[in-house]
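Student: So the mapping is simple: my numbering equals the position in the sequence shown, first residue as 1, plus 7.
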Amino acid sequence: GAQQEPQPGFHVLMIQLTLGVAENGTLKKYYVKIGQGYIEQGATWKIAAEQREAETRLKAPAEKKDLYPAGVNAEKEIAEALETAAKSHKRVLLIFGGNWCYDCHVLDEAFHTPEIAPTLNRNFVVAHIDIGEYDKNLDLAKKYEVPLKRGVPAAAVLESDGKLLFTQKNQEFEKARSLAPEDVLAFLNKWKPATAK
């Protein structure tokens, strides 16, 4: 859990619970975030407010990473990703987004889980393309037919020779927090290289 001190005499505690639920013989994880506000009354603290968010299948990130560092040349990053992909017989997965985007961080957290990371790392080279405040790399979004107006994160899949194979026109990742690990895996398995096992 994370603790926050918004003002003296008031204390906020954020907790993320992991629940394992057996569904049709398969154990599925659900994540629930709970926030509690405590108020100081004399010598004791009492719960003054409680908020529970709807459970999700993908874990909320514990901290925000610098997924989209400032000053990165996106065209150069894509060129390097394509070069790496060609050498390793992988495809390139472009993830358009920004550091301000909560769902971008949820998706990245999912990419690092034991359920998803092996499939991702075996088949794809990931390049994060910063859109700033919808004012950066818009030419690349247009080039790869990514409809940013519909929200981010948005993905495009490239063959290692740079050919565009797929763009998420329906923004399947845009509400990453509502996806299940199986949804992300299904996407990766659909677009991994044909020779991949």
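Don't be surprised by glycine CBs; every beta carbon is placed ideally from N, CA and C.
The beta strand (DSSP E) with R98 in it runs from where to where?
Tutor: Taken as a continuous stretch (DSSP letters only), the beta strand (DSSP E) holding R98 covers R98 to G104.
Student: For G27 and Y37, what's the separation of their Cα atoms in angstroms?
Tutor: C-alpha separation (whole angstroms): 6 Å.
Student: Given a threshold of 16 other Cβ atoms within 10 Å of its Cβ, counted over all protein chains shown, does E57 qualify as buried or as exposed?
Tutor: With fewer than 16 Cβ atoms within 10 Å of its Cβ, E57 is classed as exposed.
Student: Are there 16 or more other CB atoms within 10 angstroms of the CB of K204, so buried, or fewer, so exposed?
Tutor: Note that K204 scores 48 on pLDDT, short of 50, meaning its location in the model is unreliable; the coordinates nonetheless yield the value given after this. With fewer than 16 other Cβ atoms within 10 Å, it is exposed.
Student: Along the alpha helix (DSSP H) that carries L127, what are the first and last residues, could you check?
Tutor: Start and end: A124 to N130.
Student: Whole angstroms are fine: how far does the CA of T51 sit from the CA of L114?
Tutor: Cα to Cα, L114 sits roughly 40 Å from T51.
Student: Spell out a yes or no on whether the region 118–126 and the region 140–156 are touching, meaning 3 or more CB-CB pairs, one atom from each, closer than 8 Å.
Tutor: Touching, no, given that fewer than three Cβ pairs across the two stretches are closer than 8 Å.
Student: Would you mind reading off the limits of the beta strand (DSSP E) that contains V164?
Tutor: Here the beta strand (DSSP E) through V164 covers A161 to L165.
Student: Just grab the DSSP bridge partners of Q43 for me.
Tutor: Beta-bridge pairing links Q43 to L20 and E57.
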